[in-house]
Amino acid sequence: MVSFSTLFVGAVALAAQSVSAGPTKPAGLVPRTFEGQKYGCKCYPGDDCWPQQSEWDSLNAKVNGNLHVHVPPEAACHNTFDGLLGSQQTYDAAKCAEVTKSWTSETWTVDQEALNIWKYFTNVTCLPTTDPSQSCTLGFYGVYVIMAKTKDHIKAGVNFARDHNLRLVIRNTGHDFVGRSTGWGSLIINTHSFQDIKFHSKWSGAGAYKGGAVTVGAGVQGVTILEAAQKQNPKLTLVTGECKTVGLAGGYVAGGGHGPLTSAYGMAADNTLEFEVITAKGDLVVANEKVNADLYFALRGGGPSTYGVVTSIFPFTFHARPFVAVGKTKDELDAILKPLLDELNAAGVPFTSMTKGYPYALGALQRALRGRGRGSARPQRRVGHHPPGHHQQQRRHRQGLPHGPEPSRRSPLHRRHDRSLLQAPPL
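Read in order, the letters of the sequence shown correspond to residues -21 to -1, 1 to 406 in mature numbering (1 follows the signal peptide of the UniProt record, and there is no 0).
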């Protein structure tokens, strides 16, 4: 990628012809007409309201030099990149080879400044190629990217976009299924550097929940948080996306948060106790069921990049539970799991699997459950022993009472509950 200072010096002369002095107060919507209808729109390159160089320089200073002009990495395979701010010579054979090799890798893509996983939404106007003379344009990507390292960087970007009426896009990994990780003519804030992870054995924040939780920064991906959870004692887990590279705290939770563990633990949005978020006003606030409850409600499934920039979330954690096969040996359980593990290996999915047998614990459990539950054998009467209730029946006979079991003092509900426990004992 090309930094702000490297590219903009060459581009400003070309861009200056189409811009006038930038606004000195918050800009209003730009009037546009499309198919006879009038609209109020954001400010884009070429509009009179587009910020001038001095204003971009000021923003770059506020974010400590982390403002970059977005040049797609595929531009390294082309002689020239034709961006909205001008053209630049970009061909680099070594970088082109790297891009071509990595272009379909999700891991590589999420580490880029502003690339999308789903290239369709970029208008695919700059692709890896062996013909450097082919055209390479910006497509539907944003113009500038703030590689935010601190919350103040995010605040500066939000304030700048608001004051200049710019289209603002929040990007962590670029997974959004409908392309909202980018936007034509926009200012993008990249939150991928926010890698905070801190486990809490007992949640002490708002709400009745007092179990385990974890602080997850906006840039943390599913694979990272799950690996950290597995290192805890005892091992923990939480609801994440199906793809290991999906970020947890941003659009994933804002979109509801479905994953492999959803059937066991619910949606990630419902598991989130609290958000730390920077609002459109540039304020850093906390949102939970007690404080900013309306914002808390909206962030839990109300859509990504809608209500603010989430910098961290606090989801539930759960104890990692193994598969249990009662009455099976280690070899038998390995045989049951083998088709699944073979399929994961064939698909190149990394995993860790361990099987252990507990013969003594199993024997104790079997003895404890013998004769209980549906389909189990009844205990055999031993020679020299009276059946259960024998002495009770004898006593009722001596008292002249009718034979039969003594009426239970417990309600039918209790009796049904007892039977269900015996029939399906928890493991």
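Every residue, glycine too, gets a C-beta built ideally from N, C-alpha and C.
Problem set entry | For H179, three-class secondary structure by DSSP | strand
Problem set entry | With 16 other Cβ atoms within 10 Å as the buried cut-off, status of N324 | exposed
For this session: List the endpoints of the continuous alpha helix (DSSP H) containing C75.
Result: Taken as a continuous stretch (DSSP letters only), the alpha helix (DSSP H) holding C75 covers A72 to S81.
Problem set entry | Cβ separation of G201 and G229, assumed to be a contact under 8 angstroms, to the nearest whole Å | Wrong, their Cβ atoms sit about 12 angstroms apart, outside the cutoff.
Exercise. Shortest alpha-carbon distance to R150 belongs to which of L106, V289, K21 and L319?
Worked result: V289
Problem set entry | Neighbour-count burial assignment, V225, 16 or more Cβ in a 10 Å radius | Per the 10 Å Cβ criterion, buried.
Exercise. What did DSSP end up calling H132 once you bin it into helix, strand or coil?
Worked result: helix
Exercise. Alpha carbon to alpha carbon, how far is Q67 from S81?
Worked result: 23 angstroms
Problem set entry | For S33, the three-state DSSP class (helix, strand or coil) | helix
Exercise. Start and end of the beta strand (DSSP E) containing D61?
Worked result: Note, D61: beta strand (DSSP E), T59 to G62.
For this session: Starting from the Cα of L205, find the closest Cα among Y70, T331, H57 and H154 and give me that residue.
Result: Of the residues Y70, T331, H57 and H154, the one whose Cα lies closest to the Cα of L205 is T331.
Problem set entry | Identity of the residue in H49, D249 and G191 nearest L166 by Cα | H49
Problem set entry | Ranges of the alpha helix (DSSP H) found wholly within the stretch 174 to 232, counting only runs of at least 4 | 201 to 209
Exercise. DSSP puts G65 in a beta bridge; with which residues?
Worked result: G62, per the DSSP bridge assignment.
Exercise. Is T251 helix, strand or coil when you go by DSSP?
Worked result: strand
Problem set entry | Residues near T308 by beta carbon distance below 7 angstroms, same chain, minus five either side | These residues qualify, in order along the chain: G336.
Exercise. Hey, T296 and F119: beta-carbon distance below 8 angstroms or not?
Worked result: no
For this session: Could you spell out where the beta strand (DSSP E) holding I125 opens and where it closes?
Result: Y123 to M126
Exercise. Which stretch, first to last residue, makes up the alpha helix (DSSP H) that contains T241?
Worked result: T241 to Y244
Exercise. Since Y275 sits in a beta bridge, which residues does DSSP pair it with?
Worked result: Paired residues: none, contrary to the question.
Exercise. Given L175, which residues of its chain have a CB within under 8 angstroms of its CB, disregarding the five upstream and five downstream residues?
Worked result: The sequence shown places Asp at residue 175, rather than the Leu named in the question. Result list for D175: T194, V195, G196, V199 and S291, in chain order.
For this session: Using three-state DSSP, classify W22 as helix, strand or coil.
Result: According to the sequence shown, residue 22 is Cys rather than Trp. C22 falls in the strand class under three-state DSSP.
Exercise. A266 by DSSP, collapsed to three states: which one?
Worked result: A266 falls in the strand class under three-state DSSP.
Problem set entry | Same chain only: Cβ atoms within 8 angstroms of G186, ignoring 5 sequence neighbours per side | L252, N267, E268 and K269
Problem set entry | S172 versus S183, G190 and T129, residue with shortest Cα-Cα distance | T129
Exercise. Short check: CB of H57 to CB of C20, under 8 angstroms?
Worked result: no
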